[in-house]
Each structure stands twice: as structure tokens, then as C-alpha cells.
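What follows is a single structure, written as C-alpha cells, with notes after it.
2 protein chains.
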Amino acid sequence: MNNMAKTENTELKIVEAATSVFVHKGFDGARMQEIADKAEINKAMVHYYFRTKQKLFERVFENVFEVVAERISSSLETSKSIDELLENITGTYFSVLAEKPYIPDFVIHELNRNPELIVHIIKTRGINKAKLSELIITEIQSRSLKPFDPLQIIVNVLALTIFPFAASSIIKGFIFEGDTEKYDKFVNERRQHIIDFVKSAIFKDQKT
Amino acid sequence: MNNMAKTENTELKIVEAATSVFVHKGFDGARMQEIADKAEINKAMVHYYFRTKQKLFERVFENVFEVVAERISSSLETSKSIDELLENITGTYFSVLAEKPYIPDFVIHELNRNPELIVHIIKTRGINKAKLSELIITEIQSRSLKPFDPLQIIVNVLALTIFPFAASSIIKGFIFEGDTEKYDKFVNERRQHIIDFVKSAIFKDQKT
DNA sequence: GTCTATAACCGGATAGAC
DNA sequence: GTCTATCCGGTTATAGAC
Numbered sequence: 001m002n003n004m005a006k007t008e009n010t011e012l013k014i015v016e017a018a019t020s021v022f023v024h025k026g027f028d029g030a031r032m033q034e035i036a037d038k039a040e041i042n043k044a045m046v047h048y049y050f051r052t053k054q055k056l057f058e059r060v061f062e063n064v065f066e067v068v069a070e071r072i073s074s075s076l077e078t079s080k081s082i083d084e085l086l087e088n089i090t091g092t093y094f095s096v097l098a099e100k101p102y103i104p105d106f107v108i109h110e111l112n113r114n115p116e117l118i119v120h121i122i123k124t125r126g127i128n129k130a131k132l133s134e135l136i137i138t139e140i141q142s143r144s145l146k147p148f149d150p151l152q153i154i155v156n157v158l159a160l161t162i163f164p165f166a167a168s169s170i171i172k173g174f175i176f177e178g179d180t181e182k183y184d185k186f187v188n189e190r191r192q193h194i195i196d197f198v199k200s201a202i203f204k205d206q207k208t
Numbered sequence: 001m002n003n004m005a006k007t008e009n010t011e012l013k014i015v016e017a018a019t020s021v022f023v024h025k026g027f028d029g030a031r032m033q034e035i036a037d038k039a040e041i042n043k044a045m046v047h048y049y050f051r052t053k054q055k056l057f058e059r060v061f062e063n064v065f066e067v068v069a070e071r072i073s074s075s076l077e078t079s080k081s082i083d084e085l086l087e088n089i090t091g092t093y094f095s096v097l098a099e100k101p102y103i104p105d106f107v108i109h110e111l112n113r114n115p116e117l118i119v120h121i122i123k124t125r126g127i128n129k130a131k132l133s134e135l136i137i138t139e140i141q142s143r144s145l146k147p148f149d150p151l152q153i154i155v156n157v158l159a160l161t162i163f164p165f166a167a168s169s170i171i172k173g174f175i176f177e178g179d180t181e182k183y184d185k186f187v188n189e190r191r192q193h194i195i196d197f198v199k200s201a202i203f204k205d206q207k208t
């Protein structure tokens, strides 16, 4: 009992440490020693619990991915209109990414370099894009919205929301010349801007 | 003379090989041996020409960055209206990125992990966002467009254009379930879609 | 489960002959 | 300029005592 609690506690500490290292340095840049140090534990212990760097990484990646996927899909389930959908998606992403802005670059980078990961993950959790485009198509017809391709719209919303976090260093550096204050203001205003911008694009009747 | 031609030729071969390796594996994942192999040259030669991996990387990164920056800024210079601007930016990006889709992830990832690079690059080539937002502001007033923040609009266009390339593996995997044909069709239609979408968002008069 | 020590290997970099 | 051989530090992973 005592042992088990200890075990799970140690394992958790390792995963947490590993997450913060992998997420900031990537798989190739991460060092098992740094993970051990951050977990305040011996390096051998990390191998005792997870055997290889690769296995530890997979555990971390799935965790990180799950955090986002979980919150996104639950917010999709409950959306009954495009307006609600927009509010929910942007809201969810902003609440997750404002806290963990490094997630997009991490996920994108590791997935690009390791496409097998995708196959593995898709099997466990497929995003229900069918349901999503159905909702959009229905709305396009019933509310006579602009006849854009639903998939393009979905990607647009993802792009508008995620890109600024993925490319934060570029936007901060090149567009705001390193001015953190202006950048923060920009991010704060952006959630509402995206909603307004997308609505303005797809609704025929103007709401300014 | 003969030596010099050979030198420049060898150097070029190294840079080309290094580019393809760095761009796909990132700095941490890249191996000098693989670069040497690809350049069909000895590993010691790579060090002879560039001394360190870091120096070779910087040369490659600046080259890659330059390709994009060059074409973007020249297309910005010549744009006299928002319509032209949209056509030029999306057109330029698509022509560059359709050919080199790995650039966004590479640039974003390396810049996020190595912010000092940004400072270095900004000094040499600043993006003239001032001129850009001026044009947008003028257009907003004279053609009575929706009063969106010009900087948000700029980021929107970049996001809509670049994100699908950066996250290509995700979009291909999750939204198109690995169907390359559908994905290619999606990308081909996307350039025009972005133009239509953005115009629809910022123009008050509808052009469907 | 936890630690120390070390194996085994890899990768960047250099020495030195040609 | 080009090659072979090699050094050397660092990194993953394991052996083995406690």
C-alpha cells in the first residue's frame, strides 16, 4: 500500500518533469538527466519506470494530446449552432493555450517528424469531423450562409486560433518588435476578434 | 581558378545537403554524418568548410529564411490595394510553400527554441509592418471596410495561409484520414478560398 | 524501489598524412 | 582541399549492491 502510493507518486513526478522537458526541448533536444534532475530523482529510476526515452516520450505525448483533445471534443459535442461552435472552440483553445502556449509547436513538430505517432493516436481518438461538417452544412442551408466548404471553414478556425500560439515568437518578434505588453494585448483581444471575423465572413447579414 | 570553382561547388553541395537534413530533422535531430553522406563528401570536409554544426546551421537557416522573406517583401512593396495585397501574399506563400511545405514548421520550431536567432535576423531584415497596416487603415477608411484591427488582419492572413502547411500532417491525418488525394484537392482550392474568405470578412458590400 | 558505477555507444570535432 | 583515423565528451541504458 505504502509502496504503491510511493510508486504512483514517483511515476507521476517523472511524467510531470518529462512533460516540461520534452515540451520545451522536443524529443531530440531532451535529456534524461534533465528529466531526472527536475523530478528530483536518480536518472536510473527514470529508466526503471519507463525503460527507454522513447517509451517515456510516448506517454508524455499522449497525455499532452489528450488534454487538448478531451476539452475540444467535449466542447464540440455540446455545440448546436455555428455561433455556439465558434464560442466553444475558440474559448476552449484560448483557455488551454493561454496556459500552455508551447503545445502547438510541440505537437506539430513531433507529429511532422514522426508520422507513425498519428496513426497510433487516430486509432484511439478520431476527431468527429463528420458530425462537425454536417452541422456546418445544415447551418449553411437553413440560415443561408455563404457557401464555403465546411472543411475549409474548420481549418480556418483552427488556423486563426492555433497559429498565433505556435508562431508566438515570430509574431512577438517581427510584428510587435519584442514589445510583450502590446503582444499580450493583442492575444487578449484576439479571441473575440476571431469570432467576429469568422462570423463576418460566413454570415450574409451584417452584424458589424 | 580551378580550385576556387571546386571550392564553391563543394560548399554549395554541403549547404544543399545540410538544408535538406536540418529542415526535416531540426537542429537537434540532424547529424553531421548524414549531411556528409548526402553531399557525397567526407565528414571532415563539412567541418573544414564550416567548422561547427552551429555555424553550418546558421548559414542554412538564414538561406531558408531569406527565400521566403525576399519573395514576401517584394510582393508587399508592389501592392496598392487590399485586393492586390491578398492576391500577392497568398500567391507568394503558396508558390513557395507548395514546393517547400516543411519551411513553416522548421522556422517556427527553431525560432521558438532559439529566440536569439530572431534578434539577429530582425537586425538585417525588418518586415515593414508599419507600411502594411497603413495601407490597410487607409483602405478601411476610404472604402469603408469593417473596422478590424489591421494587425489582427495581417496575422489572420498569415495564419490562414501558413498554418495548413505547418500542420499538414495533422490536417492530412485527422481531417482527411490520410487520404492524400482529398488533401491535395483541399490545398489546391485553399488559395482562392482564403482570398474569398478574407474579402467576405472585411468588405461590407457582398460579392458572394 | 533506490542508489552508484559503469558499460556501450554515438556524434561533433581535430590531427595529420597525402 | 581531401581523406583516414582517432579523440573525447556526452548520452542512453544497464549491472549490481543495498
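Taken in order, these protein sequences are the chains called P and X.
FYI, this note's numbering numbers position 143 of the first sequence as 143, with every residue one higher than the one before it.
FYI, this note's numbering numbers position 27 of the second sequence as 27, with every residue one higher than the one before it.
Just so you know, even glycine gets a beta-carbon here, dropped at the ideal spot from N, CA and C.
Judged by DSSP secondary structure, residue 174 (chain X) falls outside any alpha helix (DSSP H); it is assigned neither H nor E. In the assembly as shown, residue 113 (chain P) is a buried residue. Its beta-carbon has 16 or more other beta-carbons within 10 Å.
Rounded to the nearest angstrom, the gap between the Cα atoms of residue 195 (chain X) and residue 46 (chain X) is 44 Å.
Residue-level contact check: residue 175 (chain P) touches chain X, since one or more beta carbons of chain X fall below 8 Å from its beta carbon. For residue 152 (chain X), the neighbours in chain P by C-beta distance under 9 Å run, in chain order, 186, 189, 190, 193, 194, 197. Look at the beta carbons and you see the stretch 154-172 of chain X touching the stretch 160-175 of chain P: at least three pairs across the two are nearer than 8 Å.
Per DSSP, residue 102 (chain P) lies in no alpha helix (DSSP H) segment and is marked neither H nor E.
Excluding five sequence positions before and after residue 56 (chain X), the CB atoms of its chain that fall closer than 6 Å to its own CB belong to 18, 50, given in chain order. Of all residues in the stretch 90-102 of chain P, none places a beta-carbon less than 7 Å from a beta-carbon of chain X.
Comparing alpha-carbon positions, the option among X:68, X:41, X:135, X:138 lying closest to residue 96 (chain X) turns out to be X:68. Between the C-alpha atoms of residue 36 (chain X) and residue 43 (chain X) there is a straight-line separation of about 5 Å. At least one C-beta of chain P is nearer than 8 Å to the C-beta of residue 149 (chain X). Around the CB of residue 23 (chain P), 16 or more other CB atoms lie within 10 Å, so the residue is classed as buried. Residues 106, 109, 110 of the same chain have their beta carbon placed closer than 8 Å to that of residue 26 (chain P), with the five preceding and five following residues left out of the count. Against chain P, the beta carbon of residue 160 (chain X) has neighbours under 9 Å at 155, 156, 159, 160, 163, listed in chain order.
Rounded to the nearest whole angstrom, the CA to CA distance from residue 149 (chain X) to residue 184 (chain P) is 15 Å. Using a CB distance cut-off of 8 Å, residue 144 (chain P) does not count as an interface residue toward chain X.
By the CB criterion at 8 Å, residue 79 (chain X) and residue 139 (chain X) fall outside the cutoff. For residue 111 (chain P), the C-beta contacts it makes with chain X under 9 Å involve 167, 169, 170, 173, in order along the chain. For the C-beta of residue 118 (chain P), the chain X residues within less than 7 Å are, from N- to C-terminus, 169, 173. Excluding the 5 residues flanking it on each side, residue 132 (chain P) has same chain C-beta neighbours closer than 7 Å at 76, 154, in chain order. In the structure shown, residue 149 (chain X) adopts coil according to DSSP, grouped into three states. In this structure, DSSP gives residue 11 (chain P) a helical state, which the three-state scheme calls helix. Beta-carbon to beta-carbon, residue 175 (chain X) and residue 129 (chain P) are separated by about 5 Å, close enough to satisfy the 8 Å threshold. At a cut-off of 8 Å between beta-carbon atoms, residue 200 (chain X) makes contact with chain P. Distance from residue 204 (chain X) to residue 151 (chain X) at the Cβ level is roughly 20 Å; contact not present, criterion being Cβ atoms closer than 8 Å.
For residue 63 (chain X), the enclosing alpha helix (DSSP H) begins and ends at 53-77. Among the residues of the stretch 23-41 of chain X, those with a Cβ less than 9 Å away from any Cβ of chain P are 24, 25, 26, 27, 28, 29, 30, in the order of the chain. In this structure residue 191 (chain P) is in contact with residue 94 (chain P), their Cβ atoms being roughly 5 Å apart against a cut-off of 8 Å.
Close CB contacts of residue 71 (chain X) within its chain, under the 7 Å cut and outside five residues either way in sequence, are with 92, 96 (chain order).
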